[in-house]
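Structure first, then comments.
Number of protein chains: 2
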Amino acid sequence: MYELRHLATLVAVADEGSFGRAATRLGYTQSSVSQQIAVLEKAAGGPLFDRPGGPKPVRITPLGAVLLEHGRDLLARADSMADAVDRFRAGDGRIDIGTFQSVSNVLLPTVIRELRDAHPGCDIRLFEEETDEPDLTELDLMFFDGHVGGDIEHLKLLDDPHVLVTRPGDFPPGPARLDQLDRLPLVAHPAICDQAKVEQILQNKGIRPHFVFRTIGNEALLAMVRAGLGAAVMPLLAVHQDETLAIHELEPALPPREIFLLWQAGRTHSPLAAHAIEIAQRVAAGLPKIS
Amino acid sequence: MYELRHLATLVAVADEGSFGRAATRLGYTQSSVSQQIAVLEKAAGGPLFDRPGGPKPVRITPLGAVLLEHGRDLLARADSMADAVDRFRAGDGRIDIGTFQSVSNVLLPTVIRELRDAHPGCDIRLFEEETDEPDLTELDLMFFDGHVGGDIEHLKLLDDPHVLVTRPGDFPPGPARLDQLDRLPLVAHPAICDQAKVEQILQNKGIRPHFVFRTIGNEALLAMVRAGLGAAVMPLLAVHQDETLAIHELEPALPPREIFLLWQAGRTHSPLAAHAIEIAQRVAAGLPKIS
DNA sequence: CCGCATCATCGTGAAAAGCGATTGTTTACG
DNA sequence: CGTAAACAATCGCTTTTCACGATGATGCGG
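Going down the list, the protein sequences come from chains A and B.
Going left to right, the first sequence walks through residues 193 to 483 as our numbering numbers them.
Going left to right, the second sequence walks through residues 193 to 483 as our numbering numbers them.
Take a look at the structure:
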């Protein structure tokens with residue numbers, strides 16, 4: 193089998209026209225170059241250079257030219273492979289991140305921006321699926337608001353408290369008592385993932401809000417609140433806060449929505465993924481609480 | 193430096209999902225595969241596979257995927273290189289042959305046909321230059337009608353006798369005496385190469401033909417003979433013999449045109465070139481004499 | 001005919017590749 | 001819960017390869 197080292201020697205000899213000069217260029221001795229060429233010639237089945245003898249430069253044979261042409265190509269590609277590895281280790285490369293529309297309206301953009309700033313050459317791909325059973329096999333990382341079975345490792349990023357969102361005049365300022373939700377007209381997310389858990393808890397407490405509208409879109413929910421259709425119980429991070437809306441903590445507090453970062457157990461992270469995890473953790477820790 | 197052997201192992205492990213099965217496939221032992229991957233991992237600077245332990249298959253890491261992708265490409269190209277070498281040794285490849293219009297009207301087509309039949313995949317390139325100083329540096333072989341200085345090896349293919357060509361009625365059948373050429377209207381090649389030597393000899397003997405037309409084209413010369421412009425003294429091989437022309441040997445014979453096959457001294461021939469030399473020699477030996 | 005430049009070859013020591021056996025770990029199955 | 005099976009890592013060892021320095025062979029130029 194041909195080896196790259198031998199081909200590098202072949203190229204050096206062809207370039208220099210001399211075994212000795214090729215040896216100098218490569219940091220070998222002349223005899224070593226002779227042997228390497230001999231190995232190649234045995235593998236190729238014929239002489240690769242004509243040795244005129246004396247001070248005349250050696251000349252490639254037709255057979256040698258065949259090997260030389262392919263050899264140069266191979267070496268160039270081996271170099272580009274080494275480059276690709278170096279770039280990857282430096283943080284370049286691709287990362288596939290899974291997310292959910294209902295999550296990370298606040299978190300993800302910040303993480304992505306920091307990641308891009310740190311690794312300008314990287315290729316970040318986002319995959320958004322609304323499902324209870326995420327498929328991590330094709331992803332490096334995934335944001336998710338709950339636990340997941342299987343061979344998954346998870347890192348808890350933050351607790352996102354549920355709040356009541358109303359029009360400023362429709363509800364007395366300050367915290368809201370949970371039982372005040374009973375029979376209240378509410379808009380909310382569809383009853384999947386985290387929302388399902390919230391409604392289960394309310395039901396267990398005998399609290400029956402009146403769900404008048406459901407949508408997956410956070411902005412649509414808030415628009416409905418502004419339009420007076422009803423109030424909203426939703427995770428704080430899903431609320432784009434401004435003066436047209438009033439935020440009320442709940443008492444007693446509902447269990448917060450827990451936001452996790454997931455990845456397949458036992459998997460070695462790319463530098464990019466490792467950095468993304470670190471950034472996500474830091475950004476999550478620095479998020480403002482209820483304002 | 194990465195070596196092809198290591199990359200082949202990497203690919204086998206990735207394909208098989210197991211160090212042991214990769215070893216079986218490659219004819220190694222499992223421990224050897226472990227070591228090869230370890231070498232690669234040291235070169236790449238990180239793990240290339242996640243080893244879950246137990247019967248679970250090993251899985252490529254992102255870093256490993258980078259190496260794997262390039263490695264497959266490199267190995268495929270190394271294979272194609274080995275193929276190219278094999279094909280070359282079997283007689284495929286390219287051959288560059290130099291020729292002259294005034295030579296090889298008979299010889300070259302036969303040689304080319306035999307060569308193509310024996311090596312259907314080969315690439316034969318012909319270079320025709322009318323010059324007294326042929327340049328062999330870019331050619332594998334060259335047909336030529338004379339000696340050449342420099343580092344040239346030569347193989348004499350055949351003696352091509354000079355003959356007198358006339359219209360059947362214009363000259364008594366049978367051999368012609370050389371002195372009969374004196375003052376005879378002749379058509380001939382331009383006075384270069386072989387033709388120059390012929391005219392030198394005639395002049396030394398005091399024989400002064402009357403050259404009424406010169407052209408490089410053999411067919412044009414013969415057409416002029418048919419048209420009655422004059423007779424022609426030319427090498428036999430240049431004559432397309434038919435009943436419209438009469439061929440006369442010369443007495444005493446002029447030194448024949450010698451046709452050589454030339455190549456640069458000390459150069460290793462490709463199988464194709466070696467075969468071409470052998471064919472040319474055989475075809476030349478089998479050529480018909482004066483008919 | 002003798003230096004000069006060059007490549008081939010040989011002997012030696014070092015590095016590596018490969019192997020077999022063993023150990024440790026994880027999974028699957030009773 | 002314990003055991004067997006599958007698997008990779010590791011260790012000691014042998015064989016092969018690699019690289020070197022020295023020496024010999026060859027063709028060229030004065």
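Glycine included, each C-beta is placed from N, C-alpha and C at the ideal position.
Note that the structure is a prediction, hence the values are computed from the model and not measured.
Starting from residue i, trace the beta strand (DSSP E) in both directions and tell me its first and last residue.
i              : result
residue 193(B) : Neither: residue 193(B) is in no beta strand (DSSP E) and is coded neither H nor E.
residue 467(A) : Element bounds for residue 467(A): not the beta strand (DSSP E) but the alpha helix (DSSP H), 463-477.
residue 442(A) : 438-443
Would you give the residue range spanned by the alpha helix (DSSP H) that residue i belongs to?
i              : result
residue 489(A) : Nothing about residue 489(A) can be read from this structure; chain A reaches only from 193 to 483.
residue 404(A) : No alpha helix (DSSP H) contains residue 404(A), which is instead part of the beta strand (DSSP E) from 402-406.
residue 315(B) : Where residue 315(B) is concerned, there is no enclosing alpha helix (DSSP H), although the beta strand (DSSP E) it sits in stretches over 315-320.
residue 212(B) : 211-218
residue 399(B) : No alpha helix (DSSP H) holds residue 399(B); DSSP gives it neither H nor E.
residue 301(A) : 299-310
residue 417(A) : 410-418
Determine which residues share a DSSP beta bridge with residue i and list them.
i              : result
residue 351(B) : 450(B)
residue 229(A) : Per DSSP, none; premise fails for residue 229(A).
residue 251(B) : 242(B)
residue 334(B) : 290(B), 454(B)
residue 423(B) : 378(B)
residue 358(A) : 438(A)
residue 369(A) : 443(A)
residue 346(B) : 454(B)
Assign residue i to one of two classes, buried (16 or more other C-beta atoms within 10 Å of its C-beta) or exposed (fewer than that).
i              : result
residue 412(B) : exposed
residue 387(B) : buried
residue 204(A) : buried
residue 447(A) : exposed
residue 396(A) : exposed
residue 272(A) : exposed
residue 361(A) : exposed
residue 291(A) : buried
residue 253(B) : buried
residue 223(B) : exposed
residue 449(A) : buried
residue 337(B) : buried
residue 477(A) : exposed
residue 311(B) : buried
residue 339(A) : exposed
residue 263(B) : buried
residue 438(A) : buried
Given residue i, which residues of its chain have a CB within under 7 Å of its CB, disregarding the five upstream and five downstream residues?
i              : result
residue 399(B) : 370, 371, 373, 374
residue 391(A) : 383
residue 198(A) : 228, 231, 232
residue 236(A) : 255, 259
residue 318(B) : 289, 291
residue 208(A) : 214, 217
residue 407(A) : 413
Could you give the C-beta distance for residue i and residue j, rounded to a whole number, given that I count them as a contact under 8 Å?
i              : j              : result
residue 414(A) : residue 440(A) : Wrong, their Cβ atoms sit about 14 Å apart, outside the cutoff.
residue 417(A) : residue 359(A) : 6 Å
residue 202(A) : residue 259(A) : 6 Å
residue 267(B) : residue 196(B) : 7 Å
residue 283(B) : residue 464(B) : 6 Å
residue 333(A) : residue 468(A) : 6 Å
residue 356(B) : residue 423(B) : 6 Å
residue 453(B) : residue 347(B) : 5 Å
residue 285(A) : residue 315(A) : 7 Å
residue 354(A) : residue 301(A) : Residue 354(A) to residue 301(A), Cβ: 22 Å. No contact.
Sorted by chain position, which residues of the same chain lie with C-beta nearer than 6 Å to residue i's C-beta, five sequence neighbours on each side aside?
i              : result
residue 429(A) : 298, 352
residue 401(A) : 373, 376, 378
residue 239(A) : 233, 253
residue 287(B) : 316, 332, 464, 465
residue 365(A) : none
I'd like the list of long-range same chain contacts for residue i, defined as Cβ closer than 8 Å, with 5 residues on each side in sequence excluded.
i              : result
residue 306(A) : 471, 475
residue 443(A) : 367, 368, 369, 370
residue 243(A) : 250
residue 211(A) : 205, 222, 225, 226, 229, 250
residue 393(A) : 446, 447
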